[in-house]
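Residue numbers (the UniProt record's numbering): 1 to 510. Reading through the structure tokens given below for one structure.
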Amino acid sequence: MADEPRIEEILVAPLDTLNPLPFAKALPPELYSKIFEDLDYHSLLRCAQVCVLFKKLIEGTASLQYLIELSVACQLDGKSRSASATRLEILRKHQLSWNNLKWSREIKIPMHDGGLWELFGGVLAQSTADDTIVFHQLPSDLRSIPEKQWTLSDLSMSVRDFAMDPSQNLLVLIESPDWTLSDESLAYRIHLRKLSDGKPHQLAPKPILLLRQEVRDHMVSYTIQIFGSILGILFSPASVGENELAIWEWTTGSLLMDTFDDDILSFTFLSDAWVLTCNPMPALTALNFRKATSERRNVYDLANYCHFEFPEMDEVGFITGIDIRADPGPMSPTEDTAIPFSQDPADFIIILTFWLFMTGNRRSLIHAIPSRHLLSLVNAEEDLYVWTDWIPKKTRLLYTKQSPSDIWVCYVYGTKFILSERLPRGQSGYSARLFNFNQLALRRERGQDSETRETPQGLKTSAALRDVDASLAFSSHSFVLEDAHDHCFALCSEDHILIVDKYANLGANG
Numbered sequence: 001m002a003d004e005p006r007i008e009e010i011l012v013a014p015l016d017t018l019n020p021l022p023f024a025k026a027l028p029p030e031l032y033s034k035i036f037e038d039l040d041y042h043s044l045l046r047c048a049q050v051c052v053l054f055k056k057l058i059e060g061t062a063s064l065q066y067l068i069e070l071s072v073a074c075q076l077d078g079k080s081r082s083a084s085a086t087r088l089e090i091l092r093k094h095q096l097s098w099n100n101l102k103w104s105r106e107i108k109i110p111m112h113d114g115g116l117w118e119l120f121g122g123v124l125a126q127s128t129a130d131d132t133i134v135f136h137q138l139p140s141d142l143r144s145i146p147e148k149q150w151t152l153s154d155l156s157m158s159v160r161d162f163a164m165d166p167s168q169n170l171l172v173l174i175e176s177p178d179w180t181l182s183d184e185s186l187a188y189r190i191h192l193r194k195l196s197d198g199k200p201h202q203l204a205p206k207p208i209l210l211l212r213q214e215v216r217d218h219m220v221s222y223t224i225q226i227f228g229s230i231l232g233i234l235f236s237p238a239s240v241g242e243n244e245l246a247i248w249e250w251t252t253g254s255l256l257m258d259t260f261d262d263d264i265l266s267f268t269f270l271s272d273a274w275v276l277t278c279n280p281m282p283a284l285t286a287l288n289f290r291k292a293t294s295e296r297r298n299v300y301d302l303a304n305y306c307h308f309e310f311p312e313m314d315e316v317g318f319i320t321g322i323d324i325r326a327d328p329g330p331m332s333p334t335e336d337t338a339i340p341f342s343q344d345p346a347d348f349i350i351i352l353t354f355w356l357f358m359t360g361n362r363r364s365l366i367h368a369i370p371s372r373h374l375l376s377l378v379n380a381e382e383d384l385y386v387w388t389d390w391i392p393k394k395t396r397l398l399y400t401k402q403s404p405s406d407i408w409v410c411y412v413y414g415t416k417f418i419l420s421e422r423l424p425r426g427q428s429g430y431s432a433r434l435f436n437f438n439q440l441a442l443r444r445e446r447g448q449d450s451e452t453r454e455t456p457q458g459l460k461t462s463a464a465l466r467d468v469d470a471s472l473a474f475s476s477h478s479f480v481l482e483d484a485h486d487h488c489f490a491l492c493s494e495d496h497i498l499i500v501d502k503y504a505n506l507g508a509n510g
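Right, dumping it as structure tokens:
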């Protein structure tokens, strides 16, 4: 099969290299344009290589350029009724704002004292001390999303943790356990409510999901992820190391997988069939929960898995912790006709963080892994990959002085990842660096600009792992806020960078 055309070749190819073909003039341009609108991105690029007529038509038609720009930006078309030219202009402005880190305005959001928070789908939620949840829909001037606030109180329970998906009007609440019950009766209670009013969700046949609580532990922590109709929760007791990962299809009430072991440190979804877990070896394991059962089983007794090994650590350091994070965004485009486009959930970056202790200092190793890369490997039906088979070329390792927060964990969205950055000694304020691993956009940029991108100052590649060359391309830009403090943390969403000042308020730049 011939190699697929590269976008940089299309954008820089001179017109005189493409000869017109006799059949190309057999139909009027308007009809060709209609036909091309039903093609995918790669097919459009192939057509642009056929002849000068097709190339001019594709480059000069707003609807076709919009389809190309959507793919390059990892976006999906929305339900907007506005003209293609209008949506194309908005999309280009949206991408330019991110590339230049220029926001249209800044808002201040007060911090609440309930100890729980969530950021998903452009909505920030915080709990208060009286079990009220305060929601703040963050505005986007370019994507026509208004600022909106609402609260839910009188939830008839004490909420221990929660998650949400605004695109499905879904609020997942974990109820604080009733410690007066016997060990045999103790269970986790997960409530499926509507985000808008707190009432039971109309699509959930079981408004309360139950899972037997095997360990009587008052200090269980929870990691919750919603992936369309799939709900995953990692229960992590503090007193014993028996972590438990349960996955439901919440729209049917079915428990798809229930597995446990102290080696399950963290998880994220790869697709609606595969979940990715990390363990302290270190290693990654992808589990096919569609082929599992609801029977509670140790993770090492499960079939239908794919194991990814890492190389040895440098002998001068050791790992003190591992975490895995990803946020592909909502699984389907919004129904709001005012919103022109949204993040494509099929293309996202997975950020694996190793907390290290090396030569007497605490450092971090960041491993950026494209979701498409891992999915292509698990779909190949191999059950083991040594590190040389999957890490080089298609992933990236960055050795950083600053570490992602283990509390303010929404530092990755789509193909973007944000990390605090130290300022030079004597300079006040707060600095952060935004990384983007969007490979299509990077290939186009290389086609238009031959400037070599170097690793940002303060970052090294592969310093903590032996003989590893992981060279996935990325772009990065930093910014400095002179009126913020160096103890802040940065988060990101589809339209915003949020700066958390734990001693003051939370600021959102959009």
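Glycine is no exception: its CB is placed at the ideal position from the N, C-alpha and C atoms.
Buried or exposed by the 16-neighbour rule on C-beta atoms within 10 Å, applied to residue 512: Outside the displayed span of the chain (1 to 510) sits residue 512, for which this structure offers no information.
Straight-line gap, S254 to K93 (C-alpha atoms, nearest Å): Walking along the sequence shown from the start, residue 254 turns up at place 254. Walking along the sequence shown from the start, residue 93 turns up at place 93. In a straight line, the C-alpha of S254 is about 43 Å away from that of K93.
Residues that DSSP places opposite S266 in a beta bridge: Against the sequence shown, residue 266 aligns to sequence position 266. BP columns for S266 point to C278.
Under 8 Å between C-beta atoms of L209 and W248: As a first step, residue 209 is located in the sequence shown; it is residue number 209 there, counting from the start. As a first step, residue 248 is located in the sequence shown; it is residue number 248 there, counting from the start. It is a contact, given that the beta carbons lie within the stated cut-off.
Residue burial classification, L285 (beta-carbon count within 10 angstroms, cutoff 16): In the sequence shown, residue 285 corresponds to position 285, counting from 1. Per the sequence shown, residue 285 should be read as Thr rather than Leu. T285 comes out buried.
Within 8 Å, strictly: CB atoms of I350 and I324: For the purposes of this step, residue 350 is taken as residue 350 along the sequence shown, with counting starting at 1. For the purposes of this step, residue 324 is taken as residue 324 along the sequence shown, with counting starting at 1. Yes. Within cutoff.
Beta bridge counterpart(s) of V386 as assigned by DSSP: Start at 1 with the first residue of the sequence shown, and residue 386 comes out as number 386. Note: V386 sits in no beta bridge, so no partner.
Nearest neighbour of S428, chosen from V480, L181, S239, K291 [CA to CA]: By 1-based counting over the sequence shown, the position of residue 428 is 428. Nearest option by C-alpha distance: V480.
Cα-Cα separation between K108 and I499, rounded to whole angstroms: As a first step, residue 108 must be located in the sequence shown, where it is residue number 108. As a first step, residue 499 must be located in the sequence shown, where it is residue number 499. Rounded to whole angstroms, K108 to I499 spans 10 Å at the Cα level.
Cβ-Cβ distance between R433 and S475 below 8 Å: For the purposes of this step, residue 433 is taken as the residue at position 433 of the sequence shown. For the purposes of this step, residue 475 is taken as the residue at position 475 of the sequence shown. It is not a contact, given that the beta carbons lie outside the stated cut-off.
Beta-carbon contacts of P139 that lie in its chain and below 7 Å, excluding the five residues immediately before and after: As a first step, residue 139 must be located in the sequence shown, where it is residue number 139. Taken in chain order, the residues that qualify are I145, P146, E147, G510.
DSSP three-state assignment for E214, whether helix, strand or coil: Position 214 of the sequence shown, counted from the start, is the residue given in the question as residue 214. Coil at E214, not helix or strand.
CA nearest to the CA of D165, picked from A441, Q225, S156, Y305: As a first step, residue 165 must be located in the sequence shown, where it is residue number 165. Here the closest residue by C-alpha is Q225.
Meets three-Cβ-pair contact criterion under 8 Å: the region 400 to 417 and the region 338 to 348: yes
Supposed contact pair V72 and A441 - C-beta distance, whole angstroms, cut 8 Å: Along the sequence shown, one-based indexing puts residue 441 at 441. Along the sequence shown, one-based indexing puts residue 72 at 72. Right, the Cβ-Cβ distance comes to about 5 Å (below 8 Å), so this counts as a contact.
Three or more C-beta pairs below 8 Å linking the region 32 to 39 and the region 60 to 76: yes
For S420: DSSP bridge partner residues: Locating residue 420 in the sequence shown gives position 420, where the first residue counts as 1. According to DSSP, which records beta bridges pairwise, S420 is partnered with A432.
Contacts around I230, its chain only, beta-carbon distance under 7 Å, and the 5 residues preceding and following it disregarded: As a working mapping, residue 230 is identified with position 230 in the sequence shown. I247, E249, F269, D272, listed in sequence order.
Straight-line gap, I339 to W150 (C-alpha atoms, nearest Å): Mapped onto the sequence shown, residue 339 falls at position 339. Mapped onto the sequence shown, residue 150 falls at position 150. Taking the straight line from one Cα to the other gives about 21 Å.
S420 beta carbon less than 8 Å from that of W355: Within the sequence shown, the letter at position 355 stands for residue 355. Within the sequence shown, the letter at position 420 stands for residue 420. Cβ distance not < 8 Å, so W355 and S420 don't count as in contact.
Alpha-carbon to alpha-carbon, I369 and A326: Within the sequence shown, numbered from 1, the residue matching residue 326 stands at position 326. Within the sequence shown, numbered from 1, the residue matching residue 369 stands at position 369. Computed Cα separation, rounded: 10 Å.
Contacts around D183, its chain only, beta-carbon distance under 8 Å, and the 5 residues preceding and following it disregarded: Position 183 of the sequence shown, counting from 1, holds the residue named residue 183. Cβ neighbours of D183 beyond the five flanking positions: R216.
Contacting residues, own chain, Cβ-Cβ under 7 Å from D406 (five flanking each side not counted): Translated into positions along the sequence shown, residue 406 becomes position 406. Excluding sequence neighbours, D406 sits near D323.
Option in F260, L173, N279 with minimal Cα separation from D301: Here residue 301 corresponds to residue number 301 of the sequence shown, with the count starting at 1. Cα-wise, what sits closest to D301 is F260.
Own chain, CB closer than 6 Å to G321, minus 5 neighbours either side, in chain order: In the sequence shown, counting from the first residue as 1, residue 321 sits at position 321. So the list reads W355, once near-sequence residues are dropped.
Residue closest to F120, alpha-carbon to alpha-carbon, out of R87, G228, H201: Within the sequence shown, the letter at position 120 stands for residue 120. Among R87, G228, H201, the Cα nearest to that of F120 belongs to G228.
Buried versus exposed call for D486 [16 or more other C-beta atoms within 10 Å across all chains shown]: Here the question's residue 486 lines up with position 486 in the sequence shown. Exposed, since its Cβ has fewer than 16 Cβ neighbours within 10 Å.
Y305, DSSP secondary structure in three states: For this step, residue 305 is matched to residue 305 along the sequence shown. Y305: strand per DSSP, three-state reduction.
Within 8 Å, strictly: CB atoms of T132 and D113: As a position in the sequence shown, residue 132 is number 132, starting the count at 1. As a position in the sequence shown, residue 113 is number 113, starting the count at 1. The answer is no: Cβ separation not under 8 Å.
C-alpha gap between L116 and K199, whole angstroms: Taking the first residue of the sequence shown as 1, we reach residue 116 at position 116. Taking the first residue of the sequence shown as 1, we reach residue 199 at position 199. So the alpha carbons of these two residues sit roughly 20 Å apart.
Nonlocal neighbours in the same chain, by C-beta distance under 7 Å from M331, ignoring five residues either side: Taking the first residue of the sequence shown as position 1, residue 331 is located at position 331. So the list reads F227, G228, P345, once near-sequence residues are dropped.
Contact belief for L170 with P177 at Cβ below 8 Å, rounded distance in angstroms: Walking along the sequence shown from the start, residue 170 turns up at place 170. Walking along the sequence shown from the start, residue 177 turns up at place 177. That pair is no contact at about 22 Å.
Within 8 Å, strictly: CB atoms of D263 and R296: For the purposes of this step, residue 263 is taken as residue 263 along the sequence shown, with counting starting at 1. For the purposes of this step, residue 296 is taken as residue 296 along the sequence shown, with counting starting at 1. No, these two residues do not count as a Cβ contact at 8 Å.
L265 vs W274 beta-carbon contact at 8 Å: Locating residue 265 in the sequence shown gives position 265, where the first residue counts as 1. Locating residue 274 in the sequence shown gives position 274, where the first residue counts as 1. No, the pair does not count as a contact, with Cβ atoms beyond the cut-off.
Three-state class that DSSP yields for G60 in the structure shown: Here residue 60 corresponds to residue number 60 of the sequence shown, with the count starting at 1. Helix at G60.
Residue burial classification, E118 (beta-carbon count within 10 angstroms, cutoff 16): Residue 118 sits at position 118 when you count from the first residue of the sequence shown. With 16 or more other Cβ atoms within 10 Å, it is buried.
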